[in-house]
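Notes follow once the structure below has been shown.
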Amino acid sequence: MIQTKTLLYYKRTFKVTLLVLFIGLVIILNGCRKKRTEIAKDLFKKTHNKVFKDITEEGFAEAFKKEIKAEGESIPNIDIISIYYQQNEYEPTFVLKHLFNGDLDKAAEYFEKADEHGLNKKIFKGDSLKMLLDKFRGKNVIKTVNQAYSYMAKIEIIASSSFFNYSYYLQYGVVNPRKLFQRYYLNTKEPDSSSMLKVFKTSNIPLFLKNIQPIDTQYTALQKALKSNVASKGFTSEELERIILVNMERLRWQNKPTADKYVVVNIPDYMLNVIDSGHSVLSMKVCVGEGRNIKNQNTVLAYNDTAIQDKPFPRETPLLNSNIYCVEVNPVWNIPRSIATKEIIVDAAKDRFYLANKNIEVYKNGKLINNPEEINWAKVNKLNNDYEFKQKPGADNSLGKIKFLFKNKSSVYLHDTPAKYAFLRNMRSVSHGCVRLGDPQALALNLFGEGEKYKTIAEDMAKDNPTPTTIYLPKRVPVYINYLTCWLDEKNELQFRKDVYGLDIVLYNELKPYLID
Numbered sequence: 082m083i084q085t086k087t088l089l090y091y092k093r094t095f096k097v098t099l100l101v102l103f104i105g106l107v108i109i110l111n112g113c114r115k116k117r118t119e120i121a122k123d124l125f126k127k128t129h130n131k132v133f134k135d136i137t138e139e140g141f142a143e144a145f146k147k148e149i150k151a152e153g154e155s156i157p158n159i160d161i162i163s164i165y166y167q168q169n170e171y172e173p174t175f176v177l178k179h180l181f182n183g184d185l186d187k188a189a190e191y192f193e194k195a196d197e198h199g200l201n202k203k204i205f206k207g208d209s210l211k212m213l214l215d216k217f218r219g220k221n222v223i224k225t226v227n228q229a230y231s232y233m234a235k236i237e238i239i240a241s242s243s244f245f246n247y248s249y250y251l252q253y254g255v256v257n258p259r260k261l262f263q264r265y266y267l268n269t270k271e272p273d274s275s276s277m278l279k280v281f282k283t284s285n286i287p288l289f290l291k292n293i294q295p296i297d298t299q300y301t302a303l304q305k306a307l308k309s310n311v312a313s314k315g316f317t318s319e320e321l322e323r324i325i326l327v328n329m330e331r332l333r334w335q336n337k338p339t340a341d342k343y344v345v346v347n348i349p350d351y352m353l354n355v356i357d358s359g360h361s362v363l364s365m366k367v368c369v370g371e372g373r374n375i376k377n378q379n380t381v382l383a384y385n386d387t388a389i390q391d392k393p394f395p396r397e398t399p400l401l402n403s404n405i406y407c408v409e410v411n412p413v414w415n416i417p418r419s420i421a422t423k424e425i426i427v428d429a430a431k432d433r434f435y436l437a438n439k440n441i442e443v444y445k446n447g448k449l450i451n452n453p454e455e456i457n458w459a460k461v462n463k464l465n466n467d468y469e470f471k472q473k474p475g476a477d478n479s480l481g482k483i484k485f486l487f488k489n490k491s492s493v494y495l496h497d498t499p500a501k502y503a504f505l506r507n508m509r510s511v512s513h514g515c516v517r518l519g520d521p522q523a524l525a526l527n528l529f530g531e532g533e534k535y536k537t538i539a540e541d542m543a544k545d546n547p548t549p550t551t552i553y554l555p556k557r558v559p560v561y562i563n564y565l566t567c568w569l570d571e572k573n574e575l576q577f578r579k580d581v582y583g584l585d586i587v588l589y590n591e592l593k594p595y596l597i598d
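Numbering (this note's numbering), first residue to last: 82 to 598.
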C-alpha cells in the first residue's frame, strides 16, 4: 500500500514537472518568437523595406558565421569578436542600436581621421563602413533576405572590428612593449576582458570615441608637429616624422607616472629630473649604460636587418619603474660577476697590485682572501671563477659616495661616481648599466629635505667612512627610467635626441604596417 502511494506520488510529481517544463518552454519559445518579430518589425519600420519583415535571428546568425569564415584572419581580433557574438546569440548589436541614430556614421568619421594619430586609416575601413551604411539605408538596394543578412553581417563585422581596434590602439597602443623589448620593466596597463567589451556595450559611440582621444599635452604637441611637418637641425623631415610616430606610440602606452612627485631618467637625453606637481624642480646630467647604437650607425630612416630585433647590448640600462626607499652613504660595491670576469680579473692579471690599489677585497666561499696578489689571475676565467669581489668605501669606489636604492630585477641603482670627466661629454652612454649622477648630493637634499637625515648624509659624504651608512627615506619616491627621443620641454619647444639604444628602430619596424603611408 505504501509502495503504491509512493508510486502515485512520483507519477503526479513527474506530470507536474513535465507541465512546468512545457509551460516554461512555451514561454521561452514565445519570447524568442516575439523577439525575432520585434527585430524584423523594427528593421522594417526604420527601412520601409518589406524584405526585413522576414528577418530571423537564426538566419542572421548563419550569415554572420559565414561572413566571419570568409573574412578569416584578415579581421584583427577575430576571436574576441566571434566570442562576443556567440555569447550574445548573434544579436546584430551595431545595426539595431547604432545604425539609425547616426552613431556609426560618426564612428566612420573618426576612423577616417586616424591619420591624426599617425595611424593608417585603411585599417579601420571607415570608407567601407560609410558605403555599407548608405546602401543599407538606401531605397531599392536590398531586394532579398539574403542580401539583407549579408549587409547586416558586413556592417557588424566591420563596425565591431574597427571600433574595437581603434579604441584599443588609442587607449593602450598598437604594440605591447613587454612583448617587443627584452628589458622593458615599466608597469604598463593592459585592458581586462570586461574593459575590452565596453566597446560593444556603450550606448553612445560618438561620446565614447570623443572621451578616448588622448589629451595629454605631450601627445597633442606631437600631433601638431606631425601635421605641420616640423623641422629640426640634424634630421631630415622624413626621419623626424618617424621619430614623432614612435614617440606618439610610447605616449599611448599606459605607463605614465601618477604621483605628484617622482624621479625620471630619460636615457637618450642623459638627464635626470625630479618632477613635482608637473614641473621639474631639479635637473642634472647622468651617465647611462653603454648602448648598441652609440655611433648612430642605424636610424629610423636607414637601418639594416640586424637592427630590427631587440638585442640589447649587455650594458644597456633597463627601462623600469620602482620606488627609491633608502640611500647608502660610502657604499660597498659588490662587483657583478660579469664585470669581475671581463674587467677586474683581466686587470689583476696585468698588475698584481691592481686589486690593492683599487681597494678591492676578494672572497672565496664567503671567506676573505688575505693575499689576492699571489693568485695567478691569468688562469682564472668565467668557467673557473669561484671568487667574489667587493670594493670598499673610499675615493676610488666606483659607486662614489652615495647610491640610491630601489627594488628591480636588474640590480641597477642611481649612484655617485669618481669618474666626473664623463659628464663633460654630450654622449654619456658609458656605464655598466646603472645610472651615474652628476649631482647626487643635490638629489639627496631634494628627496630628504633639510633635517637630521640629510645632515648625516652630507657629513658622511664629506669623509671616507669605512662603514657604509644606510638611511631610509621618510616616504618612498617613485623612480622611472624611460626612453623618449622626442618630447615637449617646459619652454614648449620640441626636443629630439639620437636613438642610442636603437629602440626607435625596433619599434618603428613593428609599427610600420599600422602607420600612415
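Even glycine gets a Cβ: it sits at the ideal position worked out from N, Cα and C.
Problem set entry | CB contact flag (valine 560, serine 318, <7 Å) | In the sequence shown, the residue the question calls residue 560 occupies position 479. In the sequence shown, the residue the question calls residue 318 occupies position 237. No, the Cβ-Cβ distance between valine 560 and serine 318 is not below 7 Å.
Exercise. Where does leucine 327 fall in DSSP's three states?
Worked result: As a working mapping, residue 327 is identified with position 246 in the sequence shown. Inspection of the sequence shows that residue 327 is occupied by valine rather than by leucine. Helix, per DSSP.
Exercise. Should glutamine 299 be flagged as near chain B, meaning a C-beta pair shorter than 7 Å?
Worked result: Absent from the structure: chain B. Only one protein chain is present.
Exercise. Which word fits aspartate 497, buried or exposed, when buried means at least 16 other C-beta atoms lie within 10 angstroms of its C-beta?
Worked result: Taking the first residue of the sequence shown as position 1, residue 497 is located at position 416. Under this definition aspartate 497 is a buried residue.
Problem set entry | Coil, strand or helix - threonine 298 by DSSP | Here the question's residue 298 lines up with position 217 in the sequence shown. DSSP places threonine 298 in helix when its eight states are reduced to three.
For this session: Spatial neighbours of alanine 121 within its chain, please: CB distance less than 8 Å, with the 5 preceding and 5 following residues excluded, ordered by chain position.
Result: Here residue 121 refers to the residue found at position 40 of the sequence shown. Within the same chain, alanine 121 has close Cβ partners Phe133, Lys134, Asp135, Ile136 and Thr137.
Exercise. Considering only residues of the same chain and omitting the five flanking positions on each side of lysine 235, which have a CB-CB separation below 7 Å?
Worked result: Residue mapping note: residue 235 aligns to position 154 of the sequence shown, counting from 1. Take lysine 235, set aside five residues on each side of it, and the residues of its chain with a beta-carbon closer than 7 Å to its own are Glu148 and Leu213, in chain order.
For this session: Might you give, ordered along the chain, the residues of its own chain that have their beta carbon closer than 6 Å to the beta carbon of arginine 323, omitting 5 neighbours on each side?
Result: Walking along the sequence shown from the start, residue 323 turns up at place 242. Correct list, in chain order: Val381 and Tyr589.
Exercise. First and last residue of the beta strand (DSSP E) that includes lysine 556?
Worked result: Translated into positions along the sequence shown, residue 556 becomes position 475. Run containing lysine 556: 550-563, per the beta strand (DSSP E) assignment.
Problem set entry | One or two residues paired with leucine 480 in a DSSP bridge | In the sequence shown, the residue the question calls residue 480 occupies position 399. DSSP, once it has assigned bridges, lists no residue as partnering leucine 480.
For this session: Would you mind working out which of Pro474, Tyr582 and Asn457 sits nearest asparagine 466, comparing C-alpha positions?
Result: Position 385 of the sequence shown, counted from the start, is the residue given in the question as residue 466. For asparagine 466, the nearest C-alpha among the options comes from Asn457.
Exercise. Got a sec? Which residues, its chain only, sit under 6 Å from valine 461 by beta carbon, not counting five neighbours each side?
Worked result: Stepping through the sequence shown from its first residue, residue 461 is reached at position 380. Ile426, listed in sequence order.
Exercise. What do you get for threonine 225, buried or exposed, if any count of 16 or more other CB atoms within 10 angstroms of its CB means buried?
Worked result: As a first step, residue 225 must be located in the sequence shown, where it is residue number 144. Per the 10 Å Cβ criterion, exposed.
Exercise. Grouping DSSP H, G and I as helix and E and B as strand, with all else coil, what is isoleucine 356?
Worked result: Here the question's residue 356 lines up with position 275 in the sequence shown. The three-state secondary structure of isoleucine 356, taken from DSSP, is strand.
Exercise. How long is the line joining the alpha carbons of glutamate 190 and serine 276, rounded to whole angstroms?
Worked result: Here residue 190 refers to the residue found at position 109 of the sequence shown. Here residue 276 refers to the residue found at position 195 of the sequence shown. C-alpha separation (whole angstroms): 23 Å.
Exercise. Can you tell me whether aspartate 580 is buried or exposed, with buried defined as 16 or more other CB within 10 angstroms of its CB?
Worked result: The residue given as residue 580 occupies position 499 in the sequence shown. Looking at its Cβ environment, which holds 16 or more other Cβ atoms inside 10 Å, aspartate 580 is buried.
For this session: Determine which residues share a DSSP beta bridge with serine 364 and list them.
Result: If you number the sequence shown from 1, residue 364 lands on position 283. Note: serine 364 sits in a beta bridge opposite Asn354.
Problem set entry | Reduced DSSP secondary structure (H/G/I, E/B, other) of tryptophan 334 | Position 253 of the sequence shown, counting from 1, holds the residue named residue 334. DSSP places tryptophan 334 in coil when its eight states are reduced to three.
Exercise. Alpha helix (DSSP H) containing arginine 218: first to last residue?
Worked result: Counted from its first residue, the sequence shown places residue 218 at position 137. It spans 207-218 - the alpha helix (DSSP H) in which arginine 218 sits, taken as one unbroken run.
Exercise. With distances taken from CA atoms, which of Ser241, Ser155, Leu524 and Val222 is nearest threonine 174?
Worked result: Here residue 174 corresponds to residue number 93 of the sequence shown, with the count starting at 1. When only C-alpha atoms are compared, the closest one is Ser241.
For this session: Determine the direct distance from the alpha carbon of leucine 400 to that of leucine 261, and round the result to whole angstroms.
Result: Within the sequence shown, numbered from 1, the residue matching residue 261 stands at position 180. Within the sequence shown, numbered from 1, the residue matching residue 400 stands at position 319. Cα to Cα, leucine 261 sits roughly 13 Å from leucine 400.
Exercise. Measuring CA to CA, which of Lys572, Pro287, Asp273 and Asp160 is closest to aspartate 186?
Worked result: As a first step, residue 186 must be located in the sequence shown, where it is residue number 105. Ranking the options by Cα distance to aspartate 186, first place goes to Pro287.
Exercise. How about cysteine 515 and isoleucine 325: are their beta carbons less than 7 Å apart?
Worked result: Counting from 1 along the sequence shown, the entry for residue 515 is found at position 434. Counting from 1 along the sequence shown, the entry for residue 325 is found at position 244. Taking 7 Å as the Cβ cut-off, cysteine 515 and isoleucine 325 do not qualify as a contacting pair.
Exercise. What three-state label does DSSP hand lysine 445 in the structure shown?
Worked result: Looking up residue 445 in the sequence shown gives position 364. Reduced to three states, the DSSP call for lysine 445 is strand.
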